[in-house]
Amino acid sequence: MNALRLPLGMRDLYAHEVSLREDVAAAIRSSVREAGYTPVTTPAFEYEDVVARGLGMLDLRELVRFVEPTTGRICVVRPDITAQIARLVATRLKGEPTPLRLCYEGSVVRVPRDRSRPRRQLAQAGVELVGVGAPAGDAEVIALAARAVARAGLGSFLVELADGSLAAAALAEIDPSAHESIRERLAEKDRDGLDRALGAARAPAKARRVLEALPDLWGDASVLARARRTLRTEAARAALAGLEAVAAALDRTDLRASIAFDLGEVRGWGYYTGVRFSILAEGPGVAVASGGRYDTLLGRYGRDERATGFAIDMESLELARDRKGA
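According to the working numbering, the sequence shown is numbered sequentially starting from 38.
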């Protein structure tokens with residue numbers, strides 16, 4: 038056993054690795070600041086109850102926790118920066134008028150349950166747009182994310198749009214103890230596993246029909262028409278209208294990338310309330326960037342504002358650049 042090895046999922050950067058990270062960060066920084074976003078920084082750790090207010094029920098298996106010696110309170114190394122900025126906007130910036138355009142760079146630490154993807158420390162750069170509703174705000178941040186990764190050297194990529202409310206509305210009719218298993222099967226598009234999980238949960242027929250349809254509802258814009266024929270619920274109609282509105286708004290931006298839809302996408306934090314997106318490229322096996330709308334998050338900290346944003350995964354972007362030969 039090597040007594041000097043790093044903890045699982047942590048790594049050092051050296052020489053050319055640092056230079057690459059600096060180049061990528063500089064490209065993203067210039068893109069977001071040219072768009073009028075103001076830089077902010079947030080602390081490396083916070084009290085667990087403050088973070089939980091924003092992120093909801095935290096899975097303790099995914100957090101690095103410790104007891105603060107001076108107070109005895111439980112702290113967590115930040116797993117997410119968006120919730121921190123929501124707290125900042127609702128406290129220190131509570132008197133600032135909207136829209137607020139904020140950008141950041143920093144690392145988050147999460148303990149992945151999937152040991153095949155052991156990264157714990159994720160270097161991120163991102164933005165939060167507060168006070169601009171859908172679809173204009175969504176189109177602004179999605180187009181900005183695309184410009185930023187393109188300026189950082191990513192030549193080709195796919196923008197994938199989703200809306201987790203499709204699954205959430207159906208899950209609301211099912212015993213909460215079964216939600217995690219069902220979400221995992223949806224995320225993996227495991228139809229057989231999903232069928233077993235829904236059966237074990239004794240899901241109502243209407244909710245079951247919706248959830249069983251979602252793994253097949255991905256692809257180009259024709260997916261929306263198929264979904265409209267298949268998912269005949271109020272929640273589905275609202276979500277599909279929102280996706281169409283954002284796609285139409287993106288047509289009026291400088292976005293130069295193909296757009297796809299994945300109506301079964303359920304991964305990510307539970308604070309999303311509307312359209313979500315990912316930027317996908319060959320190489321890293323995970324999204325290069327991701328984000329979405331979270332219109333209720335700031336209200337959890339005492340300031341009701343509409344908001345949306347994104348985070349770029351720096352290491353994934355670097356891997357995708359290498360794959361493309363940048």
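Don't be surprised by glycine CBs; every beta carbon is placed ideally from N, CA and C.
The structure displayed is predicted, hence computed values, not measured ones.
For V178, the enclosing alpha helix (DSSP H) begins and ends at 173-188.
Relative to the Cα of A173, the nearest Cα in the group R98, L356, A344, E355 belongs to A344. In the structure shown, the three-state DSSP call for I211 is coil.
Take the alpha-carbon of A72 and the one of D350: they are about 20 Å apart. Around the Cβ of T119, a 10 Å sphere holds 16 or more other Cβ atoms; the residue is buried.
The beta carbon of R337 lies closer than 7 Å to those of R90, G91 in the same chain, with the five residues before and after it left out.
Where D96 is concerned, there is no enclosing beta strand (DSSP E), because DSSP gives it neither an H nor an E.
The shortest C-alpha to C-alpha distance from Y84 to any of A63, R360, I111 is the one to I111. In the structure shown, the three-state DSSP call for L334 is coil. Taking a cut-off of 8 Å for Cβ pairs, the segment 315-332 and the segment 189-209 touch, as three or more such pairs fall below it.
Spatial neighbours of L248 in its own chain (CB-CB distance under 8 Å, excluding positions within 5 residues in sequence) are listed in chain order as A204, A207, L208, I219, L223, L231, L235, A240. The three-state secondary structure of L166, taken from DSSP, is strand.
Around the beta carbon of Y51, a 10 Å sphere encloses fewer than 16 other beta carbons of the protein chains shown; the residue is thus reported as exposed.
No Cβ-Cβ contact shorter than 8 Å links R269 with P252. Taking C-alpha positions only, R293 is separated from A285 by approximately 14 Å. The Cβ atoms of V169 and P136 lie closer than 8 Å to each other. Secondary structure at I349: strand, using DSSP grouped into helix, strand and coil. Counting the other Cβ atoms within 10 Å of the Cβ of S68 gives 16 or more, which makes it buried. The Cβ-Cβ distance between L45 and P213 does not fall below 8 Å. Here the alpha carbon of A63 sits roughly 21 Å from the alpha carbon of P321.
Residue nearest to E177 within the set A326, V186, L166 is L166 (criterion: CA-CA distance). For V101, same chain residues with a beta-carbon under 7 Å away, outside a window of 5 residues either side, are V113, V114, V146, V148 in chain order. When beta bridges are read from the DSSP output, A297 appears opposite E197.
Per DSSP, reduced to three states, the secondary structure at A72 is coil, with no helix or strand assignment. In the structure shown, E105 falls within a coil segment according to DSSP collapsed to helix, strand and coil. If the five residues before and after Y74 are omitted, its C-beta is found closer than 7 Å to the C-beta atoms of R138, L139, C140, V164, all from its own chain and listed in chain order. Secondary structure of E319 (DSSP, three-state): coil. In the same chain as A357, and ignoring 5 residues on each side of it, the C-beta atoms closer than 6 Å to its own belong to L191, A318, G320, P321, V325, in chain order. DSSP places L280 in the helix class (H, G or I) of the three-state scheme. Within the same chain, Cβ atoms closer than 8 Å to the Cβ of A258 are found at A284, I296, F298, the five residues on either side in sequence being excluded. Membership of I219 in the alpha helix (DSSP H) is indicated by the continuous run 216-224. Remark: C-beta atoms of A171 and G328 do not approach each other more closely than 8 Å. A258 carries a coil assignment under DSSP once its states are collapsed to helix, strand and coil. G307 and D49 have their C-alpha atoms roughly 31 Å apart.
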